[in-house]
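Structure first, commentary second.
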Amino acid sequence: MLRLDCLRSVYSELEDCLVVTIMGAVAAELQSLGHRPNFFYLQHAMGLASSTGLGLALCLPKQDVIVFDGDGSLLMNLGSLSTMARYRPKNLTHVVFDNESLLSVGGFPTATSTGTDLEGIARSAGIPQVVTVRDVEKFRISVSEALHGKDLTIIVAKVDAIGPSGYVTDLSLLENRFQFRRYIQSLKQT
Amino acid sequence: MPVSLPNSKLIYETLKECGIRLVSALPETWLVHLIRMTDEDPEMTLVRLAKEEEAVGISAGAYFAGVKSAMLMQNHGFLASINGIVSFAHLYKIPLLMLISHRGSFGEKDPWQTQGGNVTEPVLRALRIPYFCLDSVETVKKRIRDAQTLAESSLQPVAALLTRDLMWEE
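Below, the structure written as structure tokens:
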């Protein structure tokens, strides 16, 4: 399963969500499908995409928030799972693309390649809805159900360790950040 | 417990007056009253963390959402948050109001706090984070308000160091 195909399968559903991604392949591939002002790409600070999604979801309880995380990033901030479970925002969907690899720095294997089970960790942390998916159609259905569902959900998507040829795009970090905040403020005014 | 209740209350009231509505925290002795007050206040959202660096992401999310937030942490928690501060708050110009208990300074009896006490101010300076010490009741309100003002105008993290003189009664 390719991450790009997963993203493409849910792209139309992201129109009304606040989307936070990690750096590297996830950010570059989502941008390749078409940037939108409601997408924020956290191009560093590995591990904090889920915390950012939690902050957004707690402060905007009527707004769907979706985080596109990765195994390498999540492994750097496993405590985030326990914090998310503790506050259990029903409007937060946390997708973890697990390619068992730190792809953007040369493909070094992460601990999920040697048996660490992110679904099991999430479940034991107290996340109410957790699923692992291995094909695009199941991914699409799981994301759609989570976005229309009524509980905090984590979707672990097992994907191939293949990404784009480069990671730098022509969207500057600050331009993205100011546009994202302005988008949210415009939502609150309407 | 000799943590100053009146001074904790003064700090808490100032945070409320500054419009802070979300506080993320990891417990430490000097912060117990502040955390309890946040928890008991229905107007406030308290996020109890597993590790302090999470607070950088949570505060950034709150900022994007238009909610003013503050971070309560010990100086060792600040040291544990540095990558988040540099490669999120600094990189993306996110305002953060950090209230950091300055353990390990003069008068500290716990040996395990002392190394962090030595390096807190040098690290703040190295990171170019504007900071001051909250050391007297008279200046608490003004300094916290001023810190919040600078964080919002400069779009960067600022720190208030909570000192033993203010937080501890013996």
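If you read the protein sequences in the order shown, they are chains A and B. The numbering of the first sequence is my numbering, which starts it at 1 and goes up by one. The numbering of the second sequence is my numbering, which starts it at 1001 and goes up by one. All residues carry an ideal CB built from backbone N, CA and C; glycine is no exception.
Where residue i falls, given that 16 or more other Cβ within 10 Å makes a residue buried
{"i": "Phe1078(B)", "result": "buried"}
{"i": "Tyr1092(B)", "result": "buried"}
{"i": "Lys188(A)", "result": "exposed"}
{"i": "Glu15(A)", "result": "exposed"}
{"i": "Thr52(A)", "result": "buried"}
{"i": "Arg182(A)", "result": "exposed"}
{"i": "Gly146(A)", "result": "In the sequence on display, residue 146(A) carries Ala and not Gly. The residue is buried, with at least 16 neighbouring Cβ atoms inside 10 Å."}
{"i": "Leu33(A)", "result": "exposed"}
{"i": "Lys158(A)", "result": "buried"}
{"i": "Ala45(A)", "result": "buried"}
{"i": "His148(A)", "result": "exposed"}
{"i": "Trp1179(B)", "result": "Chain B is shown only over 1001 to 1170; residue 1179(B) falls outside these bounds and no answer can be derived."}
{"i": "Asn176(A)", "result": "buried"}
{"i": "Lys1051(B)", "result": "buried"}
{"i": "Asn77(A)", "result": "buried"}
{"i": "Glu100(A)", "result": "buried"}
{"i": "Phe1088(B)", "result": "buried"}
{"i": "Tyr1012(B)", "result": "buried"}
{"i": "Thr114(A)", "result": "exposed"}
Cβ distance (whole Å) where residue i is taken to contact residue j below 8 Å
{"i": "Pro61(A)", "j": "Asn91(A)", "result": "6 Å"}
{"i": "Val1067(B)", "j": "Met1044(B)", "result": "With 8 Å as the limit, Val1067(B) and Met1044(B) do not qualify as a contact, their Cβ atoms being about 11 Å apart."}
{"i": "Gly163(A)", "j": "Leu103(A)", "result": "5 Å"}
{"i": "Leu1155(B)", "j": "Pro1095(B)", "result": "5 Å"}
{"i": "Gly1061(B)", "j": "Gly55(A)", "result": "2 Å"}
{"i": "Leu171(A)", "j": "His35(A)", "result": "6 Å"}
{"i": "Leu1034(B)", "j": "Ser1004(B)", "result": "Leu1034(B) to Ser1004(B), Cβ: 11 Å. No contact."}
{"i": "Leu118(A)", "j": "Val95(A)", "result": "Actually they are not in contact, since the Cβ atoms of Leu118(A) and Val95(A) sit about 11 Å apart, beyond 8 Å."}
{"i": "His1090(B)", "j": "Gly1116(B)", "result": "Contact doesn't hold; Cβ gap of about 21 Å is too wide."}
{"i": "Pro1130(B)", "j": "Val1158(B)", "result": "5 Å"}
{"i": "Leu1099(B)", "j": "Ala1151(B)", "result": "Their Cβ separation, rounded to whole angstroms, is 12 Å, which puts Leu1099(B) and Ala1151(B) out of contact at 8 Å."}
{"i": "Ile184(A)", "j": "Phe1106(B)", "result": "With 8 Å as the limit, Ile184(A) and Phe1106(B) do not qualify as a contact, their Cβ atoms being about 45 Å apart."}
{"i": "Gln31(A)", "j": "Thr169(A)", "result": "5 Å"}
Contacts that residue i makes with chain A (C-beta to C-beta distance below 7 Å)
{"i": "Tyr1131(B)", "result": "Neighbours of Tyr1131(B) on chain A: none; closest Cβ ~21 Å, over 7 Å."}
{"i": "Ala1060(B)", "result": "Thr52 and Gly55"}
{"i": "Asn1083(B)", "result": "Ala45"}
Neighbouring residues, chain B, relative to residue i (Cβ below 9 Å)
{"i": "His94(A)", "result": "Chain B residues near His94(A): none, gap ~13 Å exceeds 9 Å."}
{"i": "Lys188(A)", "result": "Ala1065 and Gly1066"}
{"i": "Ile184(A)", "result": "Phe1064, Ala1065 and Gly1066"}
{"i": "Asn77(A)", "result": "Ala1050, Lys1051, Glu1053, Glu1054 and Gly1057"}
{"i": "Ser82(A)", "result": "Ala1050"}
Closest Cα partner of residue i within the set the options
{"i": "Gln1074(B)", "options": "Leu1026(B), Ala1060(B) and Leu1034(B)", "result": "Leu1026(B)"}
{"i": "Lys1142(B)", "options": "Leu1155(B), Gln1156(B) and Ala1160(B)", "result": "Ala1160(B)"}
{"i": "Ser1059(B)", "options": "Arg1021(B), Pro1042(B), Leu1134(B) and Ile1011(B)", "result": "Arg1021(B)"}
{"i": "Ser50(A)", "options": "Arg182(A), Met23(A), Pro37(A) and Asp160(A)", "result": "Met23(A)"}
{"i": "Leu58(A)", "options": "Ala1050(B), Ser1069(B) and Asn1083(B)", "result": "Ser1069(B)"}
{"i": "Arg8(A)", "options": "Ile184(A), Gly106(A), Ser144(A) and Gln185(A)", "result": "Ser144(A)"}
{"i": "Val1137(B)", "options": "Arg1164(B), Ser1153(B) and Thr1029(B)", "result": "Arg1164(B)"}
{"i": "Gly1084(B)", "options": "Val1056(B), Ser1105(B) and Met1098(B)", "result": "Val1056(B)"}
{"i": "Val130(A)", "options": "Val67(A), Tyr167(A) and Ser142(A)", "result": "Ser142(A)"}
{"i": "Arg995(B)", "options": "Tyr1063(B), Glu1028(B), Thr1038(B) and Asp1146(B)", "result": "Here chain B has residues from 1001 to 1170 only, and residue 995(B) is not among them."}
{"i": "Val105(A)", "options": "Ser12(A), Ser113(A) and Tyr167(A)", "result": "Tyr167(A)"}
{"i": "Ala111(A)", "options": "Arg86(A), Glu13(A) and Ser73(A)", "result": "Ser73(A)"}
{"i": "Pro89(A)", "options": "Gly126(A), Asp69(A), Thr169(A) and Thr116(A)", "result": "Gly126(A)"}
{"i": "Val1123(B)", "options": "Leu1072(B), Thr1038(B), Ile1082(B) and Ser1153(B)", "result": "Ile1082(B)"}
{"i": "Phe139(A)", "options": "Gly120(A), Thr93(A) and Gly115(A)", "result": "Thr93(A)"}
{"i": "Ser165(A)", "options": "Glu13(A), Ala27(A) and Leu42(A)", "result": "Ala27(A)"}
{"i": "Met196(A)", "options": "Ser124(A), Gln31(A), Thr169(A) and Gly107(A)", "result": "As shown, chain A starts at 1 and ends at 190. That puts residue 196(A) outside it, with no answer to give."}
{"i": "Thr21(A)", "options": "Asp69(A), Ser12(A), Glu13(A) and Val10(A)", "result": "Asp69(A)"}
Neighbouring residues, chain A, relative to residue i (Cβ below 9 Å)
{"i": "Val1067(B)", "result": "Gly55, Leu58, Cys59 and Leu60"}
{"i": "Phe1088(B)", "result": "Leu42, His44, Ala45, Leu48 and Thr52"}
{"i": "Leu1026(B)", "result": "Correct list: empty, because the minimum Cβ distance to chain A is about 10 Å."}
{"i": "Leu1022(B)", "result": "Gly55, Leu58 and Cys59"}
Proximity of residue i and residue j at Cβ, strictly below 8 Å
{"i": "Asp98(A)", "j": "Asp64(A)", "result": "no"}
{"i": "Asp160(A)", "j": "Leu2(A)", "result": "yes"}
{"i": "Phe178(A)", "j": "Phe40(A)", "result": "no"}
{"i": "Leu1166(B)", "j": "Leu1134(B)", "result": "yes"}
{"i": "Leu1049(B)", "j": "Ser1101(B)", "result": "no"}
{"i": "Glu29(A)", "j": "Leu48(A)", "result": "no"}
{"i": "Leu81(A)", "j": "Ala122(A)", "result": "yes"}
{"i": "Glu1040(B)", "j": "Ala1080(B)", "result": "no"}
{"i": "Val133(A)", "j": "Ile155(A)", "result": "yes"}
{"i": "Thr1114(B)", "j": "Glu1108(B)", "result": "yes"}
{"i": "Asn38(A)", "j": "Val67(A)", "result": "no"}
{"i": "Leu1015(B)", "j": "Ile1144(B)", "result": "yes"}
Interface residues of chain B facing residue i [CB-CB closer than 8 Å]
{"i": "Leu30(A)", "result": "Within chain B, no residue comes near Leu30(A); the closest Cβ sits about 17 Å away, beyond 8 Å."}
{"i": "Arg86(A)", "result": "Arg1048"}
Proximity test, residue i beta-carbon vs the ligand GTP heavy atom, cut-off 7 Å
{"i": "Gly126(A)", "result": "By its list of ligands, the structure shown contains no ligand whatsoever, and the ligand GTP lies outside what it can speak to."}
Contact set between residue i and chain B, taken where Cβ atoms lie within less than 7 Å
{"i": "Phe180(A)", "result": "Phe1064"}
{"i": "Ser73(A)", "result": "Within 7 Å Cβ-Cβ: nothing; Ser73(A) doesn't reach chain B, min ~11 Å."}
Cross-chain neighbours of residue i in chain A, by beta carbon under 8 Å
{"i": "Lys1093(B)", "result": "Leu174 and Arg177"}
{"i": "Thr1045(B)", "result": "Leu58 and Cys59"}
is_contact[residue i, chain E] using C-beta, thresh 8 Å
{"i": "Leu1031(B)", "result": "Here the protein chains are A and B, and chain E is not one of them."}
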